[in-house]
Amino acid sequence: MRHKTTQENPIVLPVGFNAWLLDCAPAPGCKVCAANWQQLTAAKDKGDITQAAKHADEIRSHAAGTH
Numbered sequence: 001m002r003h004k005t006t007q008e009n010p011i012v013l014p015v016g017f018n019a020w021l022l023d024c025a026p027a028p029g030c031k032v033c034a035a036n037w038q039q040l041t042a043a044k045d046k047g048d049i050t051q052a053a054k055h056a057d058e059i060r061s062h063a064a065g066t067h
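Quick look at the structure:
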């Protein structure tokens, strides 16, 4: 008996979605924001947009709540 394998087609996100998702600005002089920015950049360079988005969210939350 042959097993039937299925694979769904990849999801294609709209152009510019990653730019919107990763849009953030670290607070000047903040070491926490700077560390998250470095990690965001490293994750983005590796193609790990999910991890990069987590760091972007941390930067947005930290900059809005602490600074």
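Residues 1 to 67, numbered by my numbering, are exactly what the sequence shown covers, in order. No residue lacks a Cβ here, since even glycine has one placed at the ideal position from N, Cα and C. Being a predicted model, the structure only gives us computed values, none of them experimental.
Is DSSP giving residue i helix, strand or coil here?
i   : result
A27 : coil
T6  : coil
L22 : coil
I49 : helix
G16 : coil
I11 : coil
Determine, using beta carbons only, whether residue i and residue j come nearer to each other than 8 Å.
i   : j   : result
A53 : L13 : no
R60 : C24 : yes
P26 : A34 : yes
Compare the Cα-Cα distances from residue i to each of the options and report the closest residue.
i   : options          : result
Q80 : P10, H55 and A64 : This structure cannot settle anything about residue 80, because the visible part of the chain is limited to 1 through 67.
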